[in-house]
Amino acid sequence: MLSTLLSRARPVVQTHFAGPGSPWPACTLFLSLCNAHERAVVLNTSAPDFDTAWRLLVEQAQRTVQREKMEVQWLRVDWVVGVRNTTWFGLKASLKAVKRNYFRYGLALDSSFAVAFTEQELNANAMLYGGNHVEHAMLNEKNFRIYAQTRYRGLIPDFSEDRELWVLATQGVFCSRDEGPLLLNRSGPDAGRRIIDRLDVPMVTRLIKNGSNYLASQVKDDGRFRYGWHPCFDRPINTYNTLRHASTVYSMLESWEVTRDEALLQAIRRALDFLVMQLIRPLPLPSGETAAFLRDTGNEIKLGGNAVCILALVKHAELFPEEAKLELMEQLALGIRFMQHPNGGAFVHVLNYPDLRVKDAFRVIYYDGEAAFALMRLYGLTKDERWLKMVEMAFEHFIERQYWKTHDHWLSYCVNELTMYRPDPRYYEFGIKNVADYLDFVATRITTFPTLLELMMAAERMIGRLRADPANAHLLEQINMRKFHEALDFRAHHLLNGHFWPELAMYYRNPERIVGSFFIRHHAFRVRIDDVEHYLSGFVAYRQYLLKTAGPTSA
Numbered sequence: 154m155l156s157t158l159l160s161r162a163r164p165v166v167q168t169h170f171a172g173p174g175s176p177w178p179a180c181t182l183f184l185s186l187c188n189a190h191e192r193a194v195v196l197n198t199s200a201p202d203f204d205t206a207w208r209l210l211v212e213q214a215q216r217t218v219q220r221e222k223m224e225v226q227w228l229r230v231d232w233v234v235g236v237r238n239t240t241w242f243g244l245k246a247s248l249k250a251v252k253r254n255y256f257r258y259g260l261a262l263d264s265s266f267a268v269a270f271t272e273q274e275l276n277a278n279a280m281l282y283g284g285n286h287v288e289h290a291m292l293n294e295k296n297f298r299i300y301a302q303t304r305y306r307g308l309i310p311d312f313s314e315d316r317e318l319w320v321l322a323t324q325g326v327f328c329s330r331d332e333g334p335l336l337l338n339r340s341g342p343d344a345g346r347r348i349i350d351r352l353d354v355p356m357v358t359r360l361i362k363n364g365s366n367y368l369a370s371q372v373k374d375d376g377r378f379r380y381g382w383h384p385c386f387d388r389p390i391n392t393y394n395t396l397r398h399a400s401t402v403y404s405m406l407e408s409w410e411v412t413r414d415e416a417l418l419q420a421i422r423r424a425l426d427f428l429v430m431q432l433i434r435p436l437p438l439p440s441g442e443t444a445a446f447l448r449d450t451g452n453e454i455k456l457g458g459n460a461v462c463i464l465a466l467v468k469h470a471e472l473f474p475e476e477a478k479l480e481l482m483e484q485l486a487l488g489i490r491f492m493q494h495p496n497g498g499a500f501v502h503v504l505n506y507p508d509l510r511v512k513d514a515f516r517v518i519y520y521d522g523e524a525a526f527a528l529m530r531l532y533g534l535t536k537d538e539r540w541l542k543m544v545e546m547a548f549e550h551f552i553e554r555q556y557w558k559t560h561d562h563w564l565s566y567c568v569n570e571l572t573m574y575r576p577d578p579r580y581y582e583f584g585i586k587n588v589a590d591y592l593d594f595v596a597t598r599i600t601t602f603p604t605l606l607e608l609m610m611a612a613e614r615m616i617g618r619l620r621a622d623p624a625n626a627h628l629l630e631q632i633n634m635r636k637f638h639e640a641l642d643f644r645a646h647h648l649l650n651g652h653f654w655p656e657l658a659m660y661y662r663n664p665e666r667i668v669g670s671f672f673i674r675h676h677a678f679r680v681r682i683d684d685v686e687h688y689l690s691g692f693v694a695y696r697q698y699l700l701k702t703a704g705p706t707s708a
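The opening residue of the sequence shown carries number 154 in the working numbering; numbering runs sequentially from there.
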């Protein structure tokens, strides 16, 4: 397989190869080999010309594969296209201006590039990561030393301030048994992952399938999730959050509606059963009614917890009407009603379980939007006026407090649903203000921030309906629609940079575990079920948008 992959990759590498120019080595190549189960083995060589460098690299690869008895599944070739000279002192100073894990270059420790590391090696081994308490990139001498000694037997890096370094810009090609050769992006936020010319329906569908298959793989036999991973060293996140359990099930149901994957459905059923049977608890209210509450860590009842349970159960009921849990949904909604002030519409955010005493009147803004959205979705299913009246009362509070300034995606979801049944100009205006002055942020934010796509997609659906409403269409003058759609498309494309493509996953401790999932780069490439959930919900909505407009956009 090695020779097959190399022979497939070489013509593309040679066609696109361009060296860094004098005085640097004319051709420096990196070859990464991965069996999909373990961190990639990376080899490198420099030579006066491409043919010599390729021959030397192939010889290294053959020896390595034979020695390690490696079954190569994924292969990647990178070459140096640009070089900048600095020192450890200079690099450390420049890293202070770079967000953690956003250093997008390789490093060489000598001018001949004999000892060198790609960007992917640096990031996947946390060599420039100082921990989640440090906002910017920084040298981690311990991690750097450990990987350097593994990669170059016996190497002891010299971290003296005046020691010279060479910053390397690279480009690459990826090949696997199933796909490729694929040319990879050279620079910028897309650097290091495959070039995607069109983010069209088939590509978005593939991303949904990949991400939802990952979530399905994380549901254990008893219905609990493996909550998340720190992939650099394959360390589990040893906490649990039942709210995120429920909201993840919701996104899995949205994804199943697209993929109809049987393994995904079985995982959904296990996770939903665990939610209903183990995590949701009935409690009597002072009124004599029975409500239901999602019990979370620390015996907390969170407003958002009840909300996302309703979202999951409503979606389940829409897809499987014969299995609808109507009584439980009503009890969960009664729990939300218990947490809403009867005058004024504001919600209490956290109660103690089981005595229902107030623990936190306010915790996070998301809970309000989640609760209102859930009630709207339940109203859409049952047409029970109680839930709509609660949302209208809540919106009086939201408008009075100018909640649109929070730019919350849950409120965007909610106001889209609310205006379907109550086309009040105040509600439409709320939805517009929720995004109108946020477009620059959406279009320029360096992090993938997946909830931004959810925010934009919910707003887009509301705007589409508003455009067809003669009585209220004038409200669209409050938003720059060209800028809105540009920001929306940018945000969808930018999410591609948070996907664990195999050409990225191959550098982490356990590639097979994370490939196809989604990560948060500035949290050390963390993969958590709710991170994946938000990517999926955004892509599901974006896919619907593409189907509706029949106009796939260019990457």
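Yeah, the Cβ is synthetic: ideal placement off N, Cα and C, and Gly gets one too.
The C-alpha of TYR574 is placed about 13 Å away from the C-alpha of ASP622. Three or more beta-carbon pairs separated by less than 8 Å are not found between the segment 355–369 and the segment 261–279, which leaves the two stretches without contact. Note that the C-beta distance between TRP382 and ARG681 is below 9 Å. Here GLY174 is exposed: its Cβ has fewer than 16 other Cβ atoms, across all protein chains shown, within 10 Å. Burial check for SER329: the Cβ neighbour count within 10 Å reaches 16 or more, so the residue is buried. In the three-state DSSP reduction, ASN663 falls in the coil class, being neither helix nor strand.
For the 9 Å CB-CB criterion, THR239 and VAL320 form a contact. Contact check for LEU432 against THR395 passes: the beta carbons are separated by less than 9 Å. As for any beta strand (DSSP E) of minimum length 3 sitting wholly inside the segment 227–283, the runs are 227–240 and 259–261, ordered along the chain.
Between VAL568 and TYR581, the C-beta gap is smaller than 9 Å, which places the two residues in contact. In the three-state DSSP reduction, LEU509 falls in the coil class, being neither helix nor strand. About 7 Å separates the Cβ atoms of SER199 and ALA206, confirming a contact at the 8 Å cut-off. By the Cβ neighbour-count rule, ALA547 is buried, with 16 or more other Cβ atoms within 10 Å of its own. Checking the DSSP bridge columns, you'll see VAL503 partnered with LYS455 and ASP513. Going by C-alpha positions, ARG635 is about 13 Å away from MET609. Restricting attention to ASN452, LEU531, HIS652 and GLY235, the CA atom closest to the CA of PRO176 is found in GLY235. With contacts defined by Cβ atoms closer than 9 Å, ALA460 and ALA527 form a contacting pair. Residues of the same chain with a CB within less than 7 Å of the CB of ARG161, apart from the 5 flanking positions on each side, are CYS328, GLY333 and PRO334 in chain order. The segment 512–532 makes contact with the segment 495–502; the number of CB pairs closer than 8 Å reaches 3 or more. Contact check between the segment 673–688 and the segment 375–393: three or more CB pairs, one atom from each, fall below 8 Å, which counts as touching. Secondary structure note for ARG448: it is in no alpha helix (DSSP H), and the uninterrupted beta strand (DSSP E) holding it is 443–449.
Looking at the DSSP output, GLY381 sits in a beta bridge with ARG681. For SER185, the uninterrupted beta strand (DSSP E) run begins and ends at 180–187, by DSSP. By the 16-neighbour rule on beta-carbons within 10 angstroms, LEU700 is exposed.
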